[in-house]
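Please read the structure below before turning to the comments.
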Amino acid sequence: MGRTANQYVKLLILLIFFLCLAPEGAETQVPGDPPAVATNRYVGGFTSPVHITHAGDGSGRLFVVEQPGRIRIVKDGRTLPTSFLDISGRVSCCGERGLLSVTFPPGYAAKGHFYVDYTNPAGDTVVARYRLSADPDVADASTEEILLTIAQPYANHNGGQLAFGPDGYLYIGMGDGGSGGDPLNNGQNTNVLLGKLLKIDVEAGIAPYAIPATNPYRLLAGYRPEIWALGLRNPWRFSFDRLTGDLYIGDVGQNMYEEIDFQPAASTGGENYGWRIMEGFHCYDPPTCNPNGLTLPVAEYDHSLGNCSVTGGGVYRGGFYPNLFGFYLYGDYCSGRIWGLKRNGDTWQNSLLLDTPYTITTFGEDEAGTIYFSDYTNGDIYLMSDALGVMPLPTGTRAFSYPAETLPTVSIDPALAKPIATGLDAFGGPALNLRIALPQLGGSADIYFGVYAPYIDTSQLYLLTADNRLAPLSSGVVRWKEKTTGPMDELPFGTIPISALQSGPYYLYLLVTPAGDLSNYYLWTTSFSVP
Numbered sequence: 004m005g006r007t008a009n010q011y012v013k014l015l016i017l018l019i020f021f022l023c024l025a026p027e028g029a030e031t032q033v034p035g036d037p038p039a040v041a042t043n044r045y046v047g048g049f050t051s052p053v054h055i056t057h058a059g060d061g062s063g064r065l066f067v068v069e070q071p072g073r074i075r076i077v078k079d080g081r082t083l084p085t086s087f088l089d090i091s092g093r094v095s096c097c098g099e100r101g102l103l104s105v106t107f108p109p110g111y112a113a114k115g116h117f118y119v120d121y122t123n124p125a126g127d128t129v130v131a132r133y134r135l136s137a138d139p140d141v142a143d144a145s146t147e148e149i150l151l152t153i154a155q156p157y158a159n160h161n162g163g164q165l166a167f168g169p170d171g172y173l174y175i176g177m178g179d180g181g182s183g184g185d186p187l188n189n190g191q192n193t194n195v196l197l198g199k200l201l202k203i204d205v206e207a208g209i210a211p212y213a214i215p216a217t218n219p220y221r222l223l224a225g226y227r228p229e230i231w232a233l234g235l236r237n238p239w240r241f242s243f244d245r246l247t248g249d250l251y252i253g254d255v256g257q258n259m260y261e262e263i264d265f266q267p268a269a270s271t272g273g274e275n276y277g278w279r280i281m282e283g284f285h286c287y288d289p290p291t292c293n294p295n296g297l298t299l300p301v302a303e304y305d306h307s308l309g310n311c312s313v314t315g316g317g318v319y320r321g322g323f324y325p326n327l328f329g330f331y332l333y334g335d336y337c338s339g340r341i342w343g344l345k346r347n348g349d350t351w352q353n354s355l356l357l358d359t360p361y362t363i364t365t366f367g368e369d370e371a372g373t374i375y376f377s378d379y380t381n382g383d384i385y386l387m388s389d390a391l392g393v394m395p396l397p398t399g400t401r402a403f404s405y406p407a408e409t410l411p412t413v414s415i416d417p418a419l420a421k422p423i424a425t426g427l428d429a430f431g432g433p434a435l436n437l438r439i440a441l442p443q444l445g446g447s448a449d450i451y452f453g454v455y456a457p458y459i460d461t462s463q464l465y466l467l468t469a470d471n472r473l474a475p476l477s478s479g480v481v482r483w484k485e486k487t488t489g490p491m492d493e494l495p496f497g498t499i500p501i502s503a504l505q506s507g508p509y510y511l512y513l514l515v516t517p518a519g520d521l522s523n524y525y526l527w528t529t530s531f532s533v534p
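All the letters of the sequence shown, read from the start, carry residue numbers 4 to 534 under our numbering.
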């Protein structure tokens, strides 16, 4: 069937319009700009959640630690009714005490044991090993092996983070013992374990543990051999970059400054992060100090505007949000603010990304690299996403919502100067279910969707057809839908099959024009990846 001259004109305009949007890899963000992020409620119903992690066993499960003494499992987007572990009778809670973290060793699927950090009824820190029952979703609480007990002089600054490093050793974050201002100077006392990052070998079969040969003070008199780094006030949450092995520590400050400390993967340990000599970049005790020999933070923020306590986060290395890749996401417990920190050579880019109403106690990641955080007050778990990107490709029966009213204003034609809001849902199997909201749209409009896949074809743009199939733009202009009755409020697009798509990045363009007029438009662009 032949094409009219008008069809050829429309085809030429759309080809030029869309393909000009994707120069040099179709980047949707100027390098150096902070990413636009959104928070999406994933699952709720927890009591005082303080830690989120995964087992690394291919199960896709998420483990959520509840401070009173329970660990819950989220499986396929649902919280299992039975606790994975319940040791609430052994735990002193709450304040800064309680069951504070869980970690799983490399090869957990075959080993069937894991480690927890909790505060016992005497107020002391306990690091213990537990084993699974016959049910992989339930641990046997009677199998406790206590590996390490550390006396706590005060009720606060317990640290509490456990994590296996890329070297296979167990790292333990210990606060300075509490009170205020480190009155016992534990941060600088090398004969105690308080105020330190510890590293021990719990997988060598030596009871209760072995000292790794790589520990810097293993043979040095006057130093506890477990010490890997010192000078920490309360390293509540730390994490390893899964790609580089670099270590990030969120160290809670005293009265004025919160800090992020950094240790490169090539480090041989022994860093002194400065407490109580310094708080952040500033002298604390004594008020005039010499920072020589100390490892200063890579970022800090003050206690203005309601900030009070840093919650260390994680580096995003997932495949769903290219704009977030490489950013260390962290937040503040009191203000709910979330920052993004990224290393650029020898410099650091640190940007405030989002103000939230949440009481953020922890960040964590799943096996795919998605970053989550918990709201201590309402017991909900949220996932972090690119506000200009689609939700993760679905697995199983997980459902994600992306309400239009929560999204920021995005780039549009400045001649129109009207905001466009968008919302996306993704659920089901190998498909994307999409929604759109255009709350200020008036009159009739033509709606086009363009998909550019440079990984597959650097010269071809595909358009979404009315039956939600992808058609090459070169075969003709295809309008997805015409809207004739004013504003659209989360109008369903329908299901777009992606099972035939190859792995790689994709860029999605939404073009909304007055009916029959391509000279004026609303434009929205985003990106997603097929793993």
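We put the CB at the ideal spot given by N, CA and C, even for glycine.
Boundaries (first-last residue) of the alpha helix (DSSP H) holding residue i
{"i": "Y111", "result": "111 to 114"}
Three-state secondary structure assigned by DSSP to residue i
{"i": "N192", "result": "coil"}
{"i": "G234", "result": "coil"}
{"i": "R93", "result": "helix"}
{"i": "L327", "result": "helix"}
{"i": "S182", "result": "coil"}
{"i": "L308", "result": "helix"}
{"i": "S478", "result": "helix"}
{"i": "F117", "result": "strand"}
{"i": "G176", "result": "strand"}
{"i": "D127", "result": "coil"}
{"i": "Q352", "result": "strand"}
{"i": "L165", "result": "strand"}
{"i": "Y336", "result": "coil"}
{"i": "C292", "result": "coil"}
{"i": "H285", "result": "strand"}
{"i": "F49", "result": "coil"}
{"i": "E368", "result": "strand"}
{"i": "A41", "result": "strand"}
{"i": "G198", "result": "coil"}
{"i": "E485", "result": "strand"}
{"i": "R100", "result": "coil"}
For residue i: DSSP bridge partner residues
{"i": "E262", "result": "D254, E303"}
{"i": "D378", "result": "I363"}
{"i": "S242", "result": "Y251"}
{"i": "F66", "result": "T56, I76"}
{"i": "Y276", "result": "Paired residues: none, contrary to the question."}
{"i": "P517", "result": "A448"}
Inter-residue Cα distance where the pair is residue i and residue j
{"i": "L235", "j": "Q352", "result": "23 Å"}
{"i": "T128", "j": "E229", "result": "15 Å"}
{"i": "L83", "j": "L464", "result": "43 Å"}
{"i": "A125", "j": "A154", "result": "9 Å"}
{"i": "L103", "j": "V454", "result": "45 Å"}
{"i": "G162", "j": "V130", "result": "12 Å"}
{"i": "D206", "j": "R472", "result": "In the sequence on display, residue 206 carries Glu and not Asp. Answer to the nearest angstrom: the Cα atoms are 52 Å apart."}
{"i": "A232", "j": "Y379", "result": "29 Å"}
{"i": "R81", "j": "G48", "result": "10 Å"}
{"i": "H285", "j": "G63", "result": "43 Å"}
{"i": "F87", "j": "Y287", "result": "43 Å"}
{"i": "C311", "j": "Y304", "result": "10 Å"}
{"i": "G321", "j": "G225", "result": "43 Å"}
{"i": "G343", "j": "G479", "result": "42 Å"}
{"i": "G367", "j": "G334", "result": "12 Å"}
{"i": "T516", "j": "A474", "result": "20 Å"}
{"i": "L201", "j": "R221", "result": "12 Å"}
{"i": "R100", "j": "S182", "result": "14 Å"}
{"i": "A213", "j": "Y121", "result": "21 Å"}
{"i": "T50", "j": "S91", "result": "12 Å"}
{"i": "I55", "j": "M177", "result": "19 Å"}
N-terminal and C-terminal residue of the beta strand (DSSP E) that residue i is part of
{"i": "S388", "result": "384 to 389"}
{"i": "H54", "result": "52 to 56"}
{"i": "L222", "result": "Run containing L222: none; DSSP gives neither H nor E here."}
{"i": "S136", "result": "First-last for S136: undefined, no H or E at that position."}
{"i": "D449", "result": "448 to 455"}
{"i": "N347", "result": "341 to 347"}
{"i": "V77", "result": "73 to 78"}
{"i": "Y212", "result": "Taken as a continuous stretch (DSSP letters only), Y212 belongs to no beta strand (DSSP E), as it is neither H nor E."}
{"i": "Y535", "result": "No answer is possible for residue 535: it lies beyond the span of the chain, which begins at 4 and ends at 534."}
{"i": "S86", "result": "First-last for S86: undefined, no H or E at that position."}
Distance cut-off 7 Å: residue i Cβ against heavy atoms of the ligand NAD
{"i": "N293", "result": "Only the bare structure without any ligand can be found here, which leaves the ligand NAD out of the picture."}
Stretch-stretch touch, CB-based, cutoff 8 Å, three pairs: the region 237 to 250 with the region 309 to 321: The region 309 to 321 and the region 237 to 250 touch, with three or more beta-carbon pairs separated by less than 8 Å.
Take every Cβ of the region 39 to 53, pair it with every Cβ of the region 371 to 384, and state whether three or more of those distances are shorter than 8 Å. The region 39 to 53, when compared against the region 371 to 384, does touch it at the 8 Å Cβ threshold.
Would you call the region 287 to 298 and the region 333 to 340 touching, i.e. three or more CB-CB distances under 8 Å? Contact between the region 287 to 298 and the region 333 to 340 is absent: fewer than three C-beta pairs spanning the two stretches fall below 8 Å.
With a cut-off of 8 Å, do at least 3 Cβ pairs link the region 258 to 267 to the region 354 to 369? As far as the Cβ criterion goes, the region 258 to 267 does not touch the region 354 to 369, which means the pair count is below three.
Flag this pair as touching only if the region 52 to 62 and the region 107 to 126 have three or more C-beta atom pairs under 8 Å; answer yes or no. By the C-beta criterion, the region 52 to 62 is judged to be in contact with the region 107 to 126, since at least 3 inter-stretch pairs fall below 8 Å.
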